[in-house]
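Residue numbers (this note's numbering): 282 to 586. Even for Gly, the Cβ is constructed at its ideal location relative to N, Cα and C. Just so you know, these numbers come straight off a predicted model, no measurement behind them. These notes are about the structure you will find just below.
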């Protein structure tokens, strides 16, 4: 099962789970020294991204953190949208528990990163190579999740720590194919405020690294979630056994992961028993997707600090 989830080639590209992805941005700062805004997409994309932030749903503290990055953005990137083949409830669980995917990667010896939950909405992350950071969910509902991160790199590559704040805004639209199979369209906007830096290397370094690497990491992470979901549909008991072996996360989260895996597996078995021909279809590659209202099966809880 492990081989099916993660090929050797893919290990080179994954940075972290869909939301804890922020730490990968801090890791890129190891090779960067820059100061002025450098936008990787036209400025109108940044304006659209800001307009899509639900400021009216944020409390005062969250608004201050969002504005502190948005108003001092050094780098902005709107990722290529990804279609993820995943049960809505499973997707929401994985989004809100990034330590689960990171723990799977640790078990597969695919990453040295550690993500530790510090509270209901806070995490600490360490890439094992000098980059440490904190991550915090500022807001989350069915359609949008906002994550704020602060990180720093200290090591032989620089004489002083390189610090940055990061804001990630993940938009999720639940879609279906012609058979009613659920998919998720994920769109990630990234704002980075690089601290105490000069302009010379950003033009040479960030354009290639951020423009290509972040898009690749986001796409690879989305692909991994799809593979995990499909593996769960086909071998739910195996994934449940895996869940209970993830010693890096707390027991309630392990059990919740196992419960979601069991539900996804049972739902798939019920679907296949009614339409057995679907088992062999590669639906994610062939179907025409249509965006619908948020799937009523998705968790409708809101998280906020």
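Can residue 470 and residue 338 be called in contact, C-beta distance under 7 Å?
no
At the level of alpha carbons, what is the spacing between residue 366 and residue 511?
Going from the Cα of residue 366 to the Cα of residue 511 covers about 8 Å.
Is DSSP giving residue 409 helix, strand or coil here?
coil
Do you know offhand how far residue 587's Cα is from residue 428's?
With the chain running from 282 to 586 in the structure shown, residue 587 is simply not present.
What would DSSP say about residue 517, mapped onto helix, strand or coil?
helix
Candidates 461, 496, 361 and 525: which alpha carbon is nearest residue 381's?
525
Smallest Cα separation from residue 376: which of 507, 352 and 522?
Measuring C-alpha to C-alpha distances from residue 376 to each of 507, 352 and 522 identifies 507 as the nearest.
At the 7 Å Cβ level, is residue 369 part of the contact set with chain C, yes or no?
Considering every chain present, this structure includes no chain C. It has just one protein chain.
Identify whether residue 391 lies in helix, strand or coil by the three-state DSSP scheme.
coil
Cutting at 7 Å between CB atoms, please list the residues of its own chain near residue 521, excluding the five before and the five after it.
539, 542 and 543
Check for me: the alpha helix (DSSP H) holding residue 358 runs from which residue to which?
Careful: residue 358 lies outside any alpha helix (DSSP H), inside the beta strand (DSSP E) at 356-359.
For residue 496 and residue 447, what's the separation of their Cα atoms in angstroms?
16 Å
From residue 389 to residue 426, what distance separates their C-alpha atoms?
28 Å
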